[in-house]
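**Student:** Questions regarding the structure given below will be posed in turn.
There are 2 protein chains.
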Amino acid sequence: MAVSKRVRITDVAARAGVGVGTVSRVLNGSPQVREGTRARVLEAIEQIRYRPSRLAADLSRGSPASVAIVVPFLTRPSVVARLAGVIEVLDADGYDTIVCNVETPAQRDRQIRMLAAGHRAAGVVVISLRLSAAQFAELADAGVHLVLVDVQHRGVPHIVVDDVHGGMLATSHLIGLGHGRIAFIGDTGDAGLGFSSTSDRLRGYRRALAMAGAPVDPALVCRGPSGAGVAADTALRLLRLPEPPTAIFAASDAQAIEVLSAAEAAGRPVPGELSVIGFDDIEMAALVGLSTVRQPLRESGAHGAARLCTLLHGGSVRPLRETLPLEVVARRSTSAPPRAVAIAAVSGVRKRAPP
Amino acid sequence: MAVSKRVRITDVAARAGVGVGTVSRVLNGSPQVREGTRARVLEAIEQIRYRPSRLAADLSRGSPASVAIVVPFLTRPSVVARLAGVIEVLDADGYDTIVCNVETPAQRDRQIRMLAAGHRAAGVVVISLRLSAAQFAELADAGVHLVLVDVQHRGVPHIVVDDVHGGMLATSHLIGLGHGRIAFIGDTGDAGLGFSSTSDRLRGYRRALAMAGAPVDPALVCRGPSGAGVAADTALRLLRLPEPPTAIFAASDAQAIEVLSAAEAAGRPVPGELSVIGFDDIEMAALVGLSTVRQPLRESGAHGAARLCTLLHGGSVRPLRETLPLEVVARRSTSAPPRAVAIAAVSGVRKRAPP
DNA sequence: ATGAAAGCGCTAACAG
DNA sequence: CTGTTAGCGCTTTCAT
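As given, the protein sequences belong to chains L and P, one line each in that order. Under the working numbering, the first residue of the first sequence carries the number 1, and numbering increases by one thereafter. Under the working numbering, the first residue of the second sequence carries the number 356, and numbering increases by one thereafter.
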């Protein structure tokens, strides 16, 4: 038996003895259909097992009922969390979510170009990716609505957090615990995609230290590539310093967890001898008891999607910028520094390692 | 200035002085177009900035150039890895990927029904989700191609690993290291979605123990709900036993990492006093030095997608089942057991804790 | 090689 | 309230 031909709306109309217009109305829940007629149509639909073609409906309406979401490095926990938030609200609103993964500038450009070509997605939410003015223009005159998450651009709705403030929060938490030698470990910003959160968090770190009247030891500020294992190596190096840090602020939970692992491998109990704080609060952070600066990951995606829906429904969103709150979540990886060191740090003694 | 009206293929035809048919041909790379004509068309396209409508093309062709991928618990690292693999090859082949997240049986059913309704996706890849016979039928006569990843069903192409064998691999690794008291920690299978890998891995654990002539201590086999923190609690409880295990095989890396964390919190050095092995080899495993049974996550998705593409292109895939290889990756979390215990275990001495 | 015309299946404007 | 009709923008025979 061959694949049965697709049942069309005209078939339903015929079966129910009405016009296609009426069928279309009941399909779209129009209130102006007599109850009896509606019932007849519904019955016909049921009988001949009719399933409307999303494709045809979209073309007819002139706009697809799907939105694209462009994300960098899909597998990163923080990115997935945002993605999940986006999908959840879009799905609830009846939109299909097309996900576009991007790992290089070239890929990003290709995706944006395709989306701007039009009639693929009614809107797009871009996560953590910086676009060029040309790309914004391209998207705009292609008529696709846009919302940014974790990046900003004037004139475009965006959801962000204050990374500088977050950096201060993390550092202050450590300072408040009594730490004097606090290191920073972060990546350098990825492959042409120009992420800036690490720099901002570092800025917050410096600012918090400055406000506390503590000097920033350049030797304790480490930024390296974003590959796997580099944060751990950096931590190990730091731990071998003549006067090692008593606490480390890692720019992301992923890196913080590497630090945790490195500390264990080096036999430095956490938080006994070393306190560690991360940033993001990915699921794994709770599982390993990592203290961190929590940012509403899933929510950022959900809010972004919600705003896009508003736009898609013809509404407008103001103000353009929405800033989500940050908070430090103290778990098992941070505590007061070892007593001796704490005193030494406070009294300013032992500027250099003893001979 | 209003949004400029969409440039259609007829506009290009007019501008180039040819028929729409010809334009369509150059658009689709048909060889039967004179070089000169093609150039003229291309130029016209460029000049009036024409962008073909994917929507219209799809409707005309009768099938959407997108495929849906249905995943359970999107945020789980192992799932994302597979997803990334799927997206990568689908994207390379020109398909849009619609991702559908599912966390309850009801959601799963709804998604499948929508996809079967048709004209949304030309094919679907289902990950780790068990479908009913009715659903398979529904999908089949809706004409959507289907490929399964990490689940199987007769008559449908699927990519799997041998979880029982994997369980044996993990357990044997521990046995080979000299461990006698090996515990198993796993979840009970999730909320009606009926995952079975944990049960299979447990079966492998029992089998390996049996083959080694070692008894299975029921007190060391722990299965609980899949919430966060339960694996850690279980590990803590195990560690407090009068005769605690010297090694733990966790059914997944996520749970293994919880165990690692619990061990550290309990002051039991790993692998000094406790060896831990997981399953999956998610990215985080390498970062924390977790020994594990590696399964090709990303590849499973990639292969599944590749097979779907073959199907979509009119090809056929045989055999239906593709089994991916498993291998244990020994890292820092496993080693020989503490000497005393190893001897005690082997000699059968010390059945109970000393008074 | 290329133009003309007939759909793809549905929505929406327009009469009744 | 409901039937009719004209597209939505492209692919694809079928002639030429």
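Each residue gets a CB set at the ideal place from its N, CA and C atoms; glycine is no exception.
1) Applying a beta-carbon distance threshold of less than 8 Å, which residues of chain L neighbour I612(P)?
2) Name the DSSP bridge partner or partners of G478(P)?
3) Could you check how far apart the C-beta atoms of V102(L) and L129(L) are, in whole angstroms? I think they sit under 8 Å.
4) With 9 Å as the threshold, decide whether the Cβ of I364(P) is near any Cβ in chain L.
5) Does the count of Cβ pairs from the stretch 502–518 of chain P and the stretch 539–556 of chain P closer than 8 Å reach three?
6) Identify which residue in V329(L), R331(L), R318(L) has its Cα closest to the Cα of R154(L).
7) Applying the 10 Å Cβ sphere with the 16-neighbour rule, what's the burial state of E264(L)?
8) Can you tell me whether T678(P) is buried or exposed? The criterion is at least 16 other CB atoms within 10 Å of its CB, across all chains shown.
9) Find the nearest neighbour of D464(P) within the set R694(P), R431(P), F491(P), D496(P), judged by alpha-carbon distance.
10) Ignoring anything shorter than 3 residues or poking outside the stretch 81–120 of chain L, list the beta strand (DSSP E) runs there in chain order.
11) Please report the distance separating the alpha-carbon of Y450(P) from that of C664(P).
12) Short check: CB of I540(P) to CB of V614(P), under 9 Å?
13) Which chain P residues sit within Cβ distance under 9 Å of I98(L)?
14) Helix or strand or just coil, what does DSSP make of V164(L)?
15) Compile a chain-ordered list of the residues in the stretch 452–486 of chain P whose CB is closer than 7 Å to at least one CB of chain L.
16) With a 10 Å radius around its C-beta and 16 neighbouring C-beta atoms as the bar for buried, classify T543(P) as buried or exposed.
17) Who are the Cβ neighbours of R307(L) in its own chain at under 6 Å, not counting the five residues just before and after it?
18) Tell me, please, whether the CB atom of E401(P) is closer than 9 Å to any CB atom in chain L?
19) To the nearest angstrom, how far is it from the Cα of R6(L) to the Cα of T689(P)?
20) Step through the CB atoms of chain L and report whether any lies within less than 9 Å of the CB of D588(P).
21) When you compare the CB of D58(L) with every CB in chain P, is at least one pair closer than 9 Å?
22) So, is M424(L) buried or exposed, given that buried needs 16 or more other C-beta atoms within 10 angstroms?
23) Check whether the Cβ atoms of E88(L) and A302(L) sit closer than 9 Å, and answer yes or no.
24) List the residues of chain L that S616(P) touches, going by C-beta distances under 7 Å, in chain order.
25) With 9 Å set as the bound, which would you pick, yes or no: does the beta-carbon of I277(L) sit closer than that to a beta-carbon of chain P?
26) Please list the residues of the stretch 383–408 of chain P that have a C-beta atom closer than 8 Å to any C-beta atom in chain L, keeping them in chain order.
27) Check whether chain L comes within 9 Å of T526(P), counting only Cβ atoms and requiring the distance to be less than that.
28) Could you list which residues in chain P have their beta carbon closer than 7 Å to that of E371(L), in chain order?
29) Considering T365(P), what are the terminal residues of the alpha helix (DSSP H) in which it resides?
**Tutor:** Judging by the given coordinates:
1) Ordered by position in chain L, the residues that pass the 8 Å Cβ test against I612(P) are M284, L287, V288.
2) G478(P) pairs with V422(P), H500(P).
3) Right, their Cβ atoms sit about 7 Å apart.
4) No, I364(P) does not count as interfacial toward chain L.
5) Yes, the stretch 502–518 of chain P touches the stretch 539–556 of chain P.
6) The residue with the shortest Cα to Cα distance from R154(L) is R318(L).
7) It counts as buried.
8) Here T678(P) is exposed, its C-beta having fewer than 16 other C-beta atoms within 10 Å.
9) The candidate whose alpha carbon is nearest that of D464(P) is F491(P).
10) 96–102, all fully within the stretch 81–120 of chain L.
11) The alpha-carbon atoms of Y450(P) and C664(P) are separated by roughly 9 Å.
12) Note that the C-beta distance between I540(P) and V614(P) is below 9 Å.
13) Chain P residues near I98(L): S421, D451, T452, I453, V454.
14) Helix.
15) Across the stretch 452–486 of chain P, CB contacts with chain L closer than 7 Å involve T452, I453, V454, N456, A472, G473, H474, R475, in sequence order along the chain.
16) Around the beta carbon of T543(P), fewer than 16 other beta carbons lie within 10 angstroms, which makes this residue exposed.
17) So the list reads V147, P157, V317, once near-sequence residues are dropped.
18) Not closer than 9 Å to any Cβ of chain L, the Cβ of E401(P) fails to qualify, so no.
19) One C-alpha to the other measures close to 58 Å.
20) With a threshold of 9 Å between beta carbons, D588(P) makes no contact with chain L.
21) Answer yes: the Cβ-Cβ gap between D58(L) and chain P drops below 9 Å somewhere.
22) This structure cannot settle anything about residue 424(L), because the visible part of chain L is limited to 1 through 355.
23) Their beta carbons are under 9 Å apart, which means E88(L) touches A302(L) by this criterion.
24) Going along chain L in sequence order, the residues near S616(P) (Cβ under 7 Å) are L287, V288, G289.
25) Not one beta carbon of chain P lies nearer than 9 Å to the beta carbon of I277(L).
26) Cβ contacts with chain L: R406, P407, S408.
27) No, T526(P) lies away from the interface with chain L (no Cβ there is under 9 Å from its Cβ).
28) Residue 371(L) lies beyond the stretch modelled for chain L, which goes from 1 to 355, so this question has no answer here.
29) T365(P) -> alpha helix (DSSP H) spans 364–371.
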